[in-house]
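**Q** Next up is a structure, given as structure tokens.
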């Protein structure tokens, strides 16, 4: 991959070419329509090359979950600016608003749609469930760190950072789920409410 | 069905037997593993009886979405008690807490898991998306009505009922998504935070 960005430039190797092909096949055929043949066709590889990399569909899908979560985390990864209020707003804005031009991903909604489809597999699949539990916790920790920094710097109220961050992660998962599965634009209705929650709960000078 | 409760007693007819069989097959094989043959086997019906009721898998799944949403709405339907604070707490508790004994559903988590799996289909399927958009709006309206009643009775702060209810629906969808796809119990961490949000935002006497 180019500069560590999964969807930019030419794929580095067959593994990555297969991951990108899986992403395209998922967009085209849906989860239930994914097949090794279709993915191999999309990647312009033979099925035998495919089986050189993966034991089968189950193995592929675990790798693909990892790939989507890496992309998800890359999108929502924050470099701390040293200003927790700004960090918090950037973090929330990345999820709620259109992407700033600096984020090189072809289609945010497609990535979030795939995230929802992969996440739904975790209802049945314990391996997926384990992985999502782990990444949810990392994600909440990142959020809690911003809150703790804000408290330490005297900018945020002394809330329970773990609880508030877990709550925010749930709100954002709810936003992502609804956004990916509705015809209208429910986020625009709640955009102010989410800002108000953050202001009322966290910001001392509001 | 018995007393209008989809999972209680003997199924009234083949249509309902097929819906229940789809629910069981979904629990057993996952969404990707659903097939007409497996559903017919579960329902103890021939494939030809199946095709008497449904044109095919697509048609079946739209009916099944309806079935799960009906069950979902039955579970979360509220009879107004005339006390909006109580209604609100009951509504939230139905989603966050264990079922009270009066709710006759064999397994709340199985229903919510199926809801997540069906909802993920809406990422790709416009018919599913249309239906979820519609039922989300009905659900939010029900919630907004409780808030409006509370404002009218002078118990709740004069918030924008539509926005707060849409926000709460997102929170609850986030809770349902995480709960169905994690190993641990994230709801217990945020239970207090959700109560606090409601108290701080809505209740005047808190």
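Residue numbers (our numbering), protein chains in the order written: chain A, 5 to 210; chain L, 5 to 210.
Virtual Cβ for every residue (Gly too), placed ideally from N, Cα, C.
Bear in mind the structure is a predicted one, so any value in this text is a computation, not a measurement.
(1) Applying the criterion that 16 or more other CB atoms from any shown protein chain within 10 Å of the CB defines a buried residue, is residue 106 of chain A buried or exposed?
(2) Please list, in chain order, the residues of the segment 114 to 144 of chain A that have any C-beta partner in chain L closer than 7 Å.
(3) Would you say residue 41 of chain A faces chain L, with C-beta separation under 8 Å as the test?
(4) Could you list which residues in chain L have their beta carbon closer than 7 Å to that of residue 177 of chain A, in chain order?
(5) Go through the segment 39 to 81 of chain L residue by residue and report every complete run of the alpha helix (DSSP H) that reaches 4 residues or more, in order.
(6) Go through its chain and collect everything with a Cβ distance to residue 19 of chain L's Cβ below 7 Å, but skip five positions before and after it.
(7) Tell me whether the segment 188 to 208 of chain A and the segment 181 to 196 of chain L touch, counting them as touching only if at least three CB pairs, one residue from each stretch, are closer than 8 Å.
(8) Quick one: is residue 55 of chain A near chain L, going by C-beta distance under 8 Å?
(9) Would the segment 148 to 163 of chain A count as touching the segment 169 to 181 of chain L if we require 3 or more Cβ pairs under 8 Å?
(10) Looking only at its own chain, which residues have a Cβ that is under 7 Å from the Cβ of residue 91 of chain L, when we skip the five neighbours before and after it?
(11) Does the beta carbon of residue 154 of chain A come closer than 8 Å to any beta carbon on chain L?
(12) Let's test the definition: count the other Cβ atoms within 10 Å of the Cβ of residue 75 of chain A and tell me whether it reaches 16, buried, or not, exposed.
(13) At least one CB of chain A closer than 8 Å to the CB of residue 186 of chain L: is that the case?
(14) Helix, strand or coil for residue 4 of chain A, going by three-state DSSP, please let me know.
(15) Can you list the residues of chain A that residue 76 of chain L reaches, using a CB-CB cut of under 7 Å?
(16) Can the beta-carbon of residue 23 of chain A be found closer than 8 Å to that of residue 68 of chain A?
(17) With a cut-off of 8 Å, does the C-beta of residue 91 of chain L fall near any C-beta of chain A?
(18) Can you look up residue 142 of chain A in the DSSP assignment and give me helix, strand or coil?
(19) Could you confirm whether any beta carbon from chain A is found closer than 8 Å to the beta carbon of residue 17 of chain L?
(20) Measuring alpha carbon to alpha carbon, tell me which of L/174, L/50, L/187 ends up nearest residue 183 of chain A.
(21) Whole angstroms are fine: how far does the CA of residue 28 of chain A sit from the CA of residue 50 of chain A?
(22) Using 8 Å as the threshold, is the C-beta distance between residue 127 of chain L and residue 185 of chain A below it?
(23) Counting only beta-carbon atoms, is residue 34 of chain L nearer than 8 Å to chain A?
(24) Specify whether the segment 124 to 142 of chain A and the segment 118 to 138 of chain L touch according to this definition: at least 3 beta carbon pairs, one from each stretch, less than 8 Å apart.
(25) Going by DSSP, what residues sit across from residue 207 of chain A in a beta bridge?
(26) Identify the contact partners of residue 80 of chain A in chain L, using a Cβ-Cβ distance below 9 Å as the criterion.
(27) Using the beta-carbon of each residue, which ones in chain A are nearer than 8 Å to residue 58 of chain L?
(28) Given that a residue counts as buried once 16 or more other Cβ atoms are within 10 Å of its Cβ, and exposed if not, what is residue 117 of chain L?
(29) For residue 158 of chain L and residue 88 of chain L, which I take to be in contact (beta-carbon distance under 8 Å), what is that distance rounded to the nearest angstrom?
(30) Under a CB-based cut-off of 8 Å, is residue 190 of chain A close to chain L?
(31) Would you verify that the beta carbon of residue 4 of chain A is, or is not, closer than 8 Å to some beta carbon of chain L?
(32) Inspect the beta-carbon positions of residue 161 of chain A and residue 206 of chain A and report whether they are closer than 8 Å.
(33) Quick one: is residue 22 of chain L near chain A, going by C-beta distance under 8 Å?
(34) Can you find a C-beta in chain A that's less than 8 Å from the C-beta of residue 204 of chain L?
(35) In angstroms, rounded to a whole number, what distance separates the CA positions of residue 164 of chain A and residue 204 of chain A?
(36) Roughly how many angstroms separate the alpha carbons of residue 135 of chain A and residue 54 of chain A, rounded to a whole number?
**A** Short version:
(1) Annotation note: pLDDT 49 at residue 106 of chain A (below 50); position unreliable, no value reported.
(2) Result list: 117, 120, 121, 123, 124, 126, 127, 128, 133, 134, 136, 137, 140.
(3) no
(4) 178, 181, 182
(5) Runs of the alpha helix (DSSP H) spanning 4 or more residues and lying entirely within the segment 39 to 81 of chain L occur at 40 to 47, 51 to 57, 61 to 80, in chain order.
(6) 57
(7) no
(8) No, residue 55 of chain A lies away from the interface with chain L (no Cβ there is under 8 Å from its Cβ).
(9) no
(10) 82, 84, 85, 150
(11) no
(12) buried
(13) yes
(14) Nothing can be reported for residue 4 of chain A, as the shown portion of chain A is limited to 5 through 210.
(15) Here the premise fails: no neighbours, minimum Cβ distance about 14 Å.
(16) yes
(17) no
(18) helix
(19) no
(20) L/174
(21) 17 Å
(22) yes
(23) yes
(24) Per the Cβ contact rule, the segment 124 to 142 of chain A is in contact with the segment 118 to 138 of chain L (3 or more Cβ pairs under 8 Å).
(25) Per the DSSP secondary-structure output, residue 207 of chain A pairs in a beta bridge with A/160.
(26) Those do not exist, as residue 80 of chain A stays about 15 Å from chain L at its closest Cβ, beyond 9 Å.
(27) Ordered by position in chain A, no residue passes the 8 Å Cβ test against residue 58 of chain L, which lies about 17 Å from the chain.
(28) buried
(29) About 10 Å separates the two Cβ atoms, so there is no contact after all.
(30) yes
(31) With chain A represented from 5 up to 210, any question about residue 4 of chain A goes unanswered, as that position is not in the structure.
(32) yes
(33) no
(34) Judged by the 8 Å Cβ criterion, residue 204 of chain L is in contact with chain A.
(35) 14 Å
(36) 24 Å
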